[in-house]
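What follows is a short report on a single structure.
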Amino acid sequence: MKLTVQNLRKQVSGQVVLQDISFTWAPGEIIGLVGQNGAGKTTLMRTLVNQYRPDGGALLLDGESLDAHPARRESLIYIDPTQTFFGRYTLAALVAFYAEAYPAFDRRRFASMAADHGLKLGQRYRELSKGYQALVVMLLTLASNAPLMLLDEPFDGLDLFVREAIVGLVISEVAEGRRGFLIASHNLIELDGLADRILFLRRNTISHDYQLEDLRAKAVKLQLVFTQDGIPSVVRELGQVLSVRGRVVEVLFRDYTPAVQAQIEALAPVLMAPLPLDLTDIFRSEFSRMEGER
Amino acid sequence: MDDARFTHLAYYERLVLQIKQQVVSGVLRPGEKLPSVREMAKQVRLNPNTVAKAYKQLELDQVVIVRPGLGSFIAADQPPAAAAVAQLRQRFDEAVVAARAAGVTTAQLRAWLEEEQE
Chain A
1 MKLTVQNLRK QVSGQVVLQD ISFTWAPGEI IGLVGQNGAG KTTLMRTLVN QYRPDGGALL
61 LDGESLDAHP ARRESLIYID PTQTFFGRYT LAALVAFYAE AYPAFDRRRF ASMAADHGLK
121 LGQRYRELSK GYQALVVMLL TLASNAPLML LDEPFDGLDL FVREAIVGLV ISEVAEGRRG
181 FLIASHNLIE LDGLADRILF LRRNTISHDY QLEDLRAKAV KLQLVFTQDG IPSVVRELGQ
241 VLSVRGRVVE VLFRDYTPAV QAQIEALAPV LMAPLPLDLT DIFRSEFSRM EGER
Chain B
1001 MDDARFTHLA YYERLVLQIK QQVVSGVLRP GEKLPSVREM AKQVRLNPNT VAKAYKQLEL
1061 DQVVIVRPGL GSFIAADQPP AAAAVAQLRQ RFDEAVVAAR AAGVTTAQLR AWLEEEQE
């Protein structure tokens, strides 16, 4: 199964929120959807599941248009926790609602996962804490058995144990290769290691689509100190300066080839030490470059 | 996964090194079964594809043997791959030359090696 998003476009109240959004997504992948606040992450999720009608472009599942084959929309699930109807219902009622929308919904699995976390089917959604509400959204999503699951800020407000439980559930589902996740999160530390691919949403479109392990294998973050004042221009040309503290510069080199290494070494830095590279650095380099372009 | 010396590497490379270290130190013994990709992914909280890639690398490096349908097992003997050894030797020599150029003495180098073995 493969979802193909082609040139998706969406305006909200006359403002272009999404344009030229194109990517493909298959079960077995965990994609992180990353962008600054207001970049359109939630709008993209709502548009993918037809909660918002797209203003242009196409959504294809295995080459078939979802508009022409609406039944195939059951392959995607996005539970929008801000949906106002949610609050007054009991968990049992929410299960009944989603079981109707998703024929493969596994009620027994929902009940057992809910019990694992001390949730009772008679509880009303709005009476739960924020963390448990997020957990219920997650469990409903998983129990739907839809192959492509969209999660919007799934780690928000969760304590350590619930968060670990959710990460464990996501990993288990993906390991089988039958489910894929698209996770919008501003919690980059949570996504690091979990997502194998990152889509950057910037200026209403997808600015980059990274396979993270490829990026990590090629990229290096170095801490550098030079004897002369200022940062040598070669460093700025070959890499992206992430931070400057006194004479200590942190630089990200996206393609750290032996040739690049030799050029840096030729500058005879006083200090040249590799640092751990995490998603935060990639995020920072992505968005600080934007400032430079303006 | 938390060995500070390897944190600049890709996650799959770090997992490969961690498992190799555990084999060298005897934490993992020949014939021992590695957790399934899914279990390992949950343990180390990594994407299953990353773990699968590490397992494949370990198989290529002959550190583990895959028995179809049964899982991945630590190889009975760990034959040093000649090419890998030659490559390591070269990197070692480069490091020694660089260290000498930086004024590191042979005694200091020896001390580093011993620190590593502890």
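Respectively, the protein sequence lines represent chains A and B. Quick note: my numbering has the first sequence finishing at residue 294, numbered continuously throughout. Quick note: my numbering has the second sequence finishing at residue 1118, numbered continuously throughout. Glycine is no exception: its CB is placed at the ideal position from the N, C-alpha and C atoms.
**OP:** Using three-state DSSP, classify residue 206 (chain A) as helix, strand or coil.
**Re:** Correct three-state label for residue 206 (chain A): strand.
**OP:** Please name the residues in the stretch 245-256 of chain A whose beta-carbon is closer than 9 Å to at least one beta-carbon of chain B, in chain order.
**Re:** For the stretch 245-256 of chain A, which is checked against every Cβ of chain B, not one residue is closer than 9 Å.
Subject >> Neighbour list for residue 1042 (chain B) in chain A, Cβ cutoff strictly below 9 Å >> reply: When 9 Å is used as the limit between beta carbons, residue 1042 (chain B) is near these residues of chain A: 167, 168, 171, 172, 175, in chain order.
**OP:** Note down, one range per segment and in chain order, each beta strand (DSSP E) of at least 3 residues found wholly within the stretch 33-86 of chain A.
**Re:** 56-61, 76-78
Subject >> Chain-ordered residues of the stretch 1040-1071 of chain B with a beta carbon less than 9 Å from chain A >> reply: Residues passing the 9 Å Cβ filter: 1041, 1042, 1044, 1045, 1046, 1047, 1048, 1049, 1050, 1051, 1052, 1053.
Subject >> Minimum C-alpha distance to residue 119 (chain A) - residue among A:109, A:21, A:169, A:132 >> reply: A:132
Original post:
When the Cα atoms are used, what is the spatial distance from residue 7 (chain A) to residue 64 (chain A)?
Top reply: 16 Å
**OP:** Would you please verify whether the beta carbon of residue 1010 (chain B) is less than 7 Å from any beta carbon of chain A?
**Re:** yes
Subject >> Helix, strand or coil at residue 16 (chain A) according to DSSP, with G and I counted as helix >> reply: In this structure, residue 16 (chain A) counts as strand in the three-state DSSP scheme.
Original post:
How would you call residue 1008 (chain B), buried or exposed, if buried means at least 16 neighbouring beta carbons within 10 angstroms?
Top reply: buried
**OP:** Locate the beta strand (DSSP E) running through residue 223 (chain A), then write down its first and last residues.
**Re:** 220-225
Original post:
Can you tell me whether residue 1068 (chain B) is buried or exposed, with buried defined as 16 or more other CB within 10 angstroms of its CB?
Top reply: Under this definition residue 1068 (chain B) is an exposed residue.
Subject >> Residues from the stretch 20-33 of chain A in contact with chain B, defined by Cβ distance under 8 Å >> reply: Those residues of the stretch 20-33 of chain A that come within reach of chain B (Cβ to Cβ, closer than 8 Å) are 28, 29, 30.
Subject >> Exposed unless 16 or more other CB atoms sit within 10 angstroms - verdict on residue 2 (chain A) >> reply: It is exposed - the Cβ of residue 2 (chain A) has fewer than 16 other Cβ atoms within 10 Å.
**OP:** Closer than 9 Å, Cβ to Cβ, to anything on chain B: give me those residues from the stretch 132-166 of chain A, in chain order.
**Re:** 164
Original post:
Quick one: is residue 67 (chain A) near chain B, going by C-beta distance under 7 Å?
Top reply: no
**OP:** Measure from the C-beta of residue 1016 (chain B) to each C-beta in chain A and report whether the shortest distance is under 7 Å.
**Re:** no
Subject >> chain B residues whose Cβ lies nearer than 7 Å to that of residue 220 (chain A) >> reply: 1008
**OP:** Could you list which residues in chain B have their beta carbon closer than 9 Å to that of residue 217 (chain A), in chain order?
**Re:** 1009, 1010, 1012, 1013
Subject >> Start and end residues, alpha helix (DSSP H) containing residue 116 (chain A) >> reply: 107-116
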